[in-house]
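First up is the structure itself, then whatever we jot down about it.
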Amino acid sequence: MTTEASQPAMVSIRVTLNGTEQEASVEPRLLLVHFIRETLNLTGTHIGCDTTHCGACTILLDGTPVKSCTIFAVQADGREITTVEGLAAGGVLHPIQAAFTEEHGLQCGFCTPGMMLTGVAFLENNPDPSEAEIRRAISGNLCRCTGYVNIIKAYQSAAAKLRERGA
Amino acid sequence: MTMRTPPEIGGMGHSVPRKEDPRFLQGKGNYVDDVKLPGMLHLDIVRSPLAHARITSINAEKALAIPGVLAVITGKDLEQYNLAWMPTLMSDLQMVLPVDTVKFDGQEVAAVLATDRYTAADGVSAVEVEYEPLEPVVNPFRALEADSPIVREDKEEKTNHIWHWEAGDRSSTDRAFSRSAVTVKEDIYIPRIHVSSIETCGCVAQWDAVQEKLTVWMTTQAPHAIRTVIALVAGHLGLAEHKIRVISPDIGGGFGGKVPVYPGYVLAIAASFLTGHPVKWVEDRMENLMADSFARDYHIAAEVAARQDGTMEALRIKTVADHGYTDAACNPSQFPAGLFHICTGSYDFKDAFVEVDGVYTNKPPGGIAYRCSFRVTEAVYAVERMADIVAHQLNIDPAEFRMKNFVKPESFPYRSVLGWEYDSGDYQGALERAMEIIDYPALRREQAERRDRGELMGIGISSFTEIVGAGPSRHFDILGIKMFDSADIRIHPTGKAIARFGTKSQGQGHETTYAQIIAEELGIPASDITVEEGDTDTAPYGLGTYASRSTPTAGAAAAVASRKILDKARTIASYLLDVSEEDLEWEPGKFSVRGAPDRARTIQEIAFAAYTDHPLGMEAGLEAHSSYDPPNLTYPFGSYICAVDIDKGTGEVKIRRFVAVDDCGNVINPMIVEGQVHGGLTMGLAPALLEEMVYDENGNNLTGTFMDYLLPTAVETPVWETDRTVTPSPHHPLGAKGIGESATVGAPAAIANAVVDALWHLGVRNIDIPITSAKVWQALRDAGVDE
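Same order as they appear, the protein sequences are chains A and B.
Under my numbering, think of the first position of the first sequence as 1, with each following residue one higher.
Under my numbering, think of the first position of the second sequence as 1001, with each following residue one higher.
Below, the structure is given as structure tokens:
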């Protein structure tokens, strides 16, 4: 088995990462998070638990939040990936980024990318959520620093900003 | 608090937005695992599946046959370099890799070096290790029995007892107990928990054979002390301290778990040293949970002697501390049980005696890593639980009981019977404020009404005293190094500044708050000040960030160094304005001539003159250093009130309200202080209701993933209601005290007290944390409640 694993057939995949097409040849077993961090060198996506619990590795796959530590890179073939590096546009922070700093929704910053990407998708589907809905939405993203209080405020503030932008 | 500076300067008291945020928000932080160097190899670790066993063979043949696996390192290899063992910060010994026996489930057994992380993992699964199981010692009380297996056969003395420590007067305390009207005793277990910062531990070690220099990017809260330790441990191999550079980059949460030296760090350094390649080691979550430093694991027998009127007179505590297989706590060296003798808490006990026995078991080492200043949570939890039990037993309201027993505001500085000198406090004020916010009388009325209806509601109070900011050099050192901390400040010619510190933020926002301190002192806008920490080649020596010590030590150093700069600036201003220094008036940002306010020089003009037009005979430049040795510890405090509802059918505890009133003295950045309290409260909730490291009878860790070790999510976390009182520290240059850990220390007892308060009338005196639904359900059934 080890020989198999150490001499794997490489698979060619193509993804759209933050709007740019990328092509790479990868091992079938390569996790998406390692593909993003080590093959494509975008280190804003973090690894916290390896078991889909903490959500530090959350990215958007075709707009849906996915924990990239438990999906293979080959499963992302032909799909669109958004990471934290793709949130700001033209030097302007995404409303959720602005809200996180205004509301002090981050401390060590390690869970923040995943927390924000979960929020981007959530607020798209639920533009005016209740506090309880926000709490449920982020229950798959663990934060050890903030006690979630200011993350929830940041979601509320981002929701208001996005509603305003959409209006 | 009145502010001396306008918002554009951003001194003390302003909620200045954090300088750290832009990079974290845009994925541009630089954490250890983000470091990628040309030719970098990856190290992964083979771990023991048994808690206690003799290694009979390690066969690396199959692993070495895998293309890309370069080496398998064992304890025998390290032994040749005298590196199989390393000293702990408590002057015990810890294995880097075992030569013959393993001592806990998950212990490092061998290291695999490979070209990438996947191949390294392949190598780990291909290493064949044979073990001969030995009887594990899991229970510390069993460990103390005469016929117990010995955990540390390497030691001369064949015993699992590590040390005995005590404080206070045993005989006067015994006398107080024998004459007392009321004595109350309770056994309280504070279980083993784990910090689980979302970033695990790791490093990248780079040995440059040409420059003969080692650079290590490391998840460490104490880079300078770690560098010294590396030099002491590996000096015989040629790693002198000036040839070692430790860089602590962005750290994804620390909470004490990133203070110790773990074997993985040493292995990566050794591997880089031997191969000449950079080597990365980053542990996964299971390794982090199974092998990294834990906290608590205190088996406490507590007794209080009181008068019938509710006056507490004496406290007696006997504790067995499970340290795992080595004493690798990171306490100041004179304090093997940390600052546990703060256990008289906020109360004016006349007599107290406390003793702790440290014990070896077949579990991983550690002891204090959980957002807490050296065993203070254990102390606070014990005394706050006991206060509630005594109050309930005497049928006195717990709030009234605390008010009666508090150290009074006029008693500060207060010398506790166990030897601490509390700097300042107003315990009554904080509790009154919390009672006002939560409307305590109304809550008690509601509780009575609900109880009449058969519903279970409880109210718990915790009025804690913290002890942080280690520490005064006469008592506090780590491996002999005094626990000062330091600041270097340089004002550039254009009036902008850079400041470097011996501490290391892990999310606390030092880049912002230290800049605010300098802004407060010098009137230079905080936005014009760059703050750097964590690089031992550039930052001044300091002991690091843990135990809420950054503001009390390095923050004070920032103020003292700023004041040195101000002294020089005054001399320059007097020269520039051609008046004597006595005729100058300072307001943040400028000196002006008394009586002629138009004649003034700003700090920026003075900075420029310091490089271009300074008085003859004066050294050029405008910079200063301070290594601050605090005259005393600081004593933050607070009162928390928690209201819970308990489901009789399921035993589920629901926190309805939680009011936290904290007092950390003068505040640098209110936004950051509040954020620290929120996080601390959640790390207080965690052990109270959810988290526990569990071992089976064979010493197997049953909580090796986040599926079993339950960090609070946003769903379990209640709404935290916070407020503050302000009682400045009289000895800190800014009147500040430190806040990072207060809430973690204070919160568990408030929650446990609330649960027991709900159940006391059913005969329940204590439920050990974590208070799970199953434990409450069982307590209800035992009390004959069935619904």
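The C-beta atom is built at its ideal place from N, Cα and C for all residues, glycine as well.
Straight-line Cα distance separating residue j from residue i
| i | j | result |
| --- | --- | --- |
| B:M1683 | B:M1693 | 15 Å |
| B:L1043 | B:R1227 | 21 Å |
| B:V1356 | B:H1161 | 11 Å |
| B:N998 | B:D1426 | Residue 998 of chain B is absent from the structure shown; chain B starts at 1001 and stops at 1787. |
| B:I1247 | A:E21 | 35 Å |
| B:I1672 | B:G1534 | 21 Å |
| B:I1393 | B:A1337 | One detail in the question is off: residue 1393 of chain B reads as Gln in this sequence, not Ile. The alpha-carbon atoms of B:Q1393 and B:A1337 are separated by roughly 30 Å. |
| B:R1245 | B:P1472 | 27 Å |
| B:L1780 | B:R1192 | 25 Å |
| A:T16 | A:E23 | 9 Å |
| B:K1482 | A:V11 | 57 Å |
| B:E1079 | B:A1063 | 21 Å |
| A:T58 | B:K1019 | 25 Å |
| B:K1028 | A:N18 | 15 Å |
| A:A158 | A:N150 | 12 Å |
Same chain, Cβ closer than 6 Å to residue i, five either side skipped, listed in chain order
| i | result |
| --- | --- |
| B:S1626 | A1487, A1557, V1560, A1561 |
| A:A5 | Low local confidence applies: a pLDDT of 49 at A:A5 is under 50, so the model's placement there is unreliable, with the coordinate-based value given in what follows. Within the same chain, A:A5 has no close Cβ partners at all. |
| B:P1409 | D1426 |
| B:A1434 | S1639, I1641, V1659, V1661 |
| B:K1243 | E1212, K1213 |
| B:P1670 | S1015 |
| B:M1040 | P1278, K1280 |
| B:D1388 | P1398, N1753 |
Residues of its chain near residue i, where Cβ-Cβ distance is below 7 Å and the 5 sequence neighbours each way are ignored
| i | result |
| --- | --- |
| A:E78 | For clarity, residue 78 of chain A is Gly in the given sequence; the question names Glu instead. Taken in chain order, the residues that qualify are R14. |
| A:G63 | A121 |
| B:G1746 | V1380, S1462, F1464, G1638, Y1640, G1684 |
| B:P1007 | H1014 |
| B:R1837 | For residue 1837 of chain B there is no data in the structure shown, the boundaries of chain B being 1001 and 1787. |
| B:S1416 | T1344, Y1422 |
| B:G1784 | none |
Sub-7 Å separation of residue i and residue j beta-carbons
| i | j | result |
| --- | --- | --- |
| B:T1634 | B:D1309 | no |
| B:A1328 | B:T1088 | yes |
| B:M1312 | B:N1395 | no |
| A:G48 | A:P113 | no |
| B:V1279 | B:A1271 | yes |
| B:K1504 | B:T1551 | no |
| A:A219 | A:F35 | The requested residue 219 of chain A is not part of the displayed model; chain A covers only 1 to 167. |
| A:R135 | B:V1184 | no |
| B:G1523 | B:I1603 | yes |
| B:T1319 | B:Y1347 | no |
| A:L106 | A:C69 | no |
| B:G1123 | B:I1073 | no |
Minimum C-alpha distance to residue i - residue among the options
| i | options | result |
| --- | --- | --- |
| B:K1076 | B:A1620, B:A1060, B:A1547 | B:A1060 |
| B:G1699 | B:D1208, B:A1205, B:N1362, B:L1239 | B:N1362 |
| A:C108 | A:I134, A:K67, A:A56, A:G119 | A:A56 |
| A:S130 | A:P113, A:K153, A:L31, A:G91 | A:K153 |
| B:L1144 | B:P1191, B:A1084, B:D1322 | B:D1322 |
| B:G1256 | B:V1195, B:L1576, B:Y1514, B:Q1447 | B:V1195 |
| B:I1771 | B:E1241, B:I1230, B:Y1189 | B:Y1189 |
| A:L117 | A:H46, A:V92, A:S25 | A:H46 |
| A:K67 | A:I138, A:S157, A:A158, A:C145 | A:I138 |
| B:D1250 | B:R1047, B:F1141, B:N1030 | B:N1030 |
| B:G1252 | B:V1667, B:Q1506, B:L1267 | B:Q1506 |
Residues of its chain near residue i, where Cβ-Cβ distance is below 8 Å and the 5 sequence neighbours each way are ignored
| i | result |
| --- | --- |
| B:P1540 | S1486, A1487, D1488, R1500, F1501, G1502, H1625, S1627 |
| B:V1776 | I1646, G1651, E1652, V1653, V1755, L1759, I1767 |
| B:H1614 | I1572, Y1575, A1620 |
| B:L1702 | V1694, Y1695, D1696, D1708 |
| field | Segment contact flag, the region 1489-1502 of chain B with the region 1595-1610 of chain B, C-beta cutoff 8 Å, min 3 pairs | value | yes
| query | Given 8 Å as the limit, is there contact between the region 1090-1097 of chain B and the region 1252-1268 of chain B, that is, 3 or more CB pairs closer than that? | reply | yes
| query | Just checking, does the region 1105-1118 of chain B make contact with the region 1048-1066 of chain B on the three C-beta pairs under 8 Å criterion? | reply | yes
| request: Check whether the region 1174-1189 of chain B touches the region 1295-1305 of chain B, taking contact to mean three or more Cβ pairs, one atom from each stretch, closer than 8 Å. | output: yes
| Are at least three pairs of beta-carbons, each pair with one atom in the region 1511-1520 of chain B and one in the region 1593-1605 of chain B, less than 8 Å apart? | no
| said: Using a Cβ-Cβ cutoff of 8 Å, what residues of the region 75-104 of chain A are near chain E? List them in chain order. | reply: Of the protein chains in the structure, A and B, none is chain E.
| task | Evaluate the contact criterion for the region 1149-1164 of chain B versus the region 158-165 of chain A: three or more CB pairs, one atom per stretch, below 8 Å. | result | no
| message | Does the region 1150-1158 of chain B come into contact with the region 1339-1354 of chain B, if we say contact requires no fewer than three beta-carbon pairs (one atom in each stretch) closer than 8 Å? | response | no
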